[in-house]
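Here the structure comes first, spelled out in structure tokens, and everything after it is commentary.
In the numbering used here, the protein residues as written are 52 to 321.
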């Protein structure tokens, strides 16, 4: 079902996907008919369909291998704050933050051995799938961090309480077009693809693509490799790029991030 919906959405065919993925047309037709894909097939399907392989595991309701899970669950709350700060910075400084993350080594020692909590997709369906993509695959295990990130990357259009995200993950809160589109922005997944997978019809006209949200969704993904200590260092480095906002500055010219001792700190819009 997953494969069928994505192919219909892309208006692609089995022959094209076979050439792009290296998977035989016979195997792909079997998957399109409802046969669950194998882990090895998901590895090849991800790049062909333009998905992170770890995300495709979640979409297929298959446990994500530990090697593809975030490095340190404790880093998630810090990363949510990093996103908030980095969004306010000018593009050259955002590029610097990306570079800091890219250049940090992957620390393999002490990697957690237990999978974090995941919502039951068999029971709660697409709501659980979206919650697992955001909370599990983006390392936002704190529902408060997940809610803040979702609001940030949708410019406040999708402002959900942590309990609402939990309700979506448990299948108790319905998915709506605006919520699906909001999750798509935070996840860096094309809204049409996510709508096809969840079988939710988006509202027309849809929101235009937001380059800043896409950039921050990419940063959120890249931060999966960080430990909590590394995430704290990057967050603090990004925060050091903020400057005092002039008292007479307008919101049109300045991004305000936090208020401290009677003074706003942020960055000029440029």
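Glycine included, C-beta positions come from ideal geometry on N, C-alpha and C.
Exercise for the section: Could you say if the segment 246-257 and the segment 173-191 meet the contact criterion of at least three C-beta pairs nearer than 8 Å? Expected result: Result yes; three or more Cβ-Cβ pairs closer than 8 Å.
Exercise for the section: Quick one: grab the DSSP three-state call for residue 183. Expected result: Taken through DSSP and simplified to helix, strand or coil, residue 183 comes out as helix.
Handout entry: Given 8 Å, three or more beta-carbon pairs between the segment 206-214 and the segment 133-145
Key = Verdict: no, contact absent.
Exercise for the section: Closer than 7 Å by C-beta to residue 233: which residues in its own chain qualify, once you throw out the five before and the five after it? Chain order, please. Expected result: Cβ neighbours of residue 233 beyond the five flanking positions: 201, 205, 208, 209.
Practice task
With a threshold of 16 other CB atoms inside 10 Å of the CB of residue 322, please say whether the residue is buried or exposed.
Solution key: The structure shown has nothing for residue 322, since the chain only spans 52 to 321.
Exercise for the section: Run the CB neighbour count on residue 281, radius 10 Å, all protein chains shown included, and call it buried at 16 or more, exposed below. Expected result: Buried, because 16 or more other Cβ atoms sit within 10 Å of the Cβ of residue 281.
Problem - Simplified DSSP state of residue 149, which is helix, strand or coil - result: The three-state secondary structure of residue 149, taken from DSSP, is helix.
Practice task
Could you tell me whether the Cβ atoms of residue 148 and residue 289 are closer together than 8 Å?
Solution key: In this structure, residue 148 sits near residue 289, with a CB-CB distance shorter than 8 Å.
Handout entry: Buried or exposed by the 16-neighbour rule on C-beta atoms within 10 Å, applied to residue 164
Key = Caution applies to residue 164, whose pLDDT of 48 falls short of 50 and renders its modelled position unreliable; the value that the coordinates give is listed next. By the 16-neighbour rule on beta-carbons within 10 angstroms, residue 164 is exposed.
Exercise for the section: Mind checking who residue 116 pairs with in its DSSP beta bridge? Expected result: Paired residue(s): none; residue 116 is not in a bridge.
Problem - residue 223 versus residue 213: straight-line alpha-carbon distance, rounded - result: The straight-line gap from Cα to Cα measures roughly 13 Å.
Exercise for the section: Go through its chain and collect everything with a Cβ distance to residue 226's Cβ below 8 Å, but skip five positions before and after it. Expected result: Excluding positions up to five away in sequence, the list reads 177, 178, 181, 219, 249, 251.
Practice task
Please classify residue 317: does DSSP put it in a helix, a strand, or coil?
Solution key: It is a strand residue.
Handout entry: For residue 283, the three-state DSSP class (helix, strand or coil)
Key = DSSP, reduced to helix, strand and coil, places residue 283 within a helical segment of the structure shown.
Problem - Length of the line joining the Cα atoms of residue 64 and residue 110 - result: Between residue 64 and residue 110, the C-alpha separation is close to 20 Å.
Exercise for the section: Kindly list the residues whose CB is nearer than 7 Å to the CB of residue 94, restricted to its own chain and excluding five residues on each side of it in sequence; keep chain order. Expected result: Counting only residues of its own chain and dropping the five nearest sequence neighbours on each side, residue 94 has a CB closer than 7 Å to the CB of 104.
Practice task
Would you mind working out which of 313, 244, 117, 185 sits nearest residue 217, comparing C-alpha positions?
Solution key: Looking at the Cα atoms, 185 is the closest of the given residues.
Problem - Limits of the alpha helix (DSSP H) - the one that residue 129 falls within - result: 127-139 is the span of the alpha helix (DSSP H), which, as asked, contains residue 129.
Practice task
Below 8 Å on the Cβ atoms is my guess for residue 254 versus residue 242; work out the distance and round it to an integer in Å.
Solution key: Not quite, the Cβ-Cβ distance comes to about 10 Å (not below 8 Å), so this is no contact.
Practice task
Can you tell me which of the three DSSP states residue 309 falls into?
Solution key: In the displayed model, residue 309 falls within a strand according to three-state DSSP.
Exercise for the section: With distances taken Cα to Cα, identify the nearest neighbour of residue 89 among 116, 264, 278, 67. Expected result: If we check each option's Cα against that of residue 89, 116 comes out closest.
Practice task
My understanding is that residue 345 touches residue 283, with C-beta atoms under 8 Å, so please give their C-beta distance in whole angstroms.
Solution key: Any property of residue 345 remains undetermined from this structure, which presents the chain solely from 52 to 321.
Problem - Nearest candidate by alpha-carbon position, reference residue 152, set 172, 264, 55, 270 - result: Put simply, of 172, 264, 55, 270 the residue whose alpha carbon is nearest the alpha carbon of residue 152 is 270.
Handout entry: Candidates 67, 235, 133, 106: closest to residue 188 by CA position
Key = Per the Cα distances, 106.
Practice task
Measure from the alpha carbon of residue 299 to the alpha carbon of each residue in 319, 132, 291, then state which is nearest.
Solution key: The candidate whose alpha carbon is nearest that of residue 299 is 319.
Exercise for the section: For residue 295, name the three-state secondary structure that DSSP assigns. Expected result: Residue state for residue 295 is assigned as strand, using DSSP reduced to three classes.
Practice task
Using the Cα positions of residue 131 and residue 171, report the straight-line distance between them to the nearest angstrom.
Solution key: Answer to the nearest angstrom: the Cα atoms are 24 Å apart.
Problem - Cut-off 7 Å between Cβ atoms - residues of its own chain near residue 315, not counting five sequence neighbours on either side - result: Once the five neighbours on either side are set aside, the close Cβ partners of residue 315 are 296, 307.
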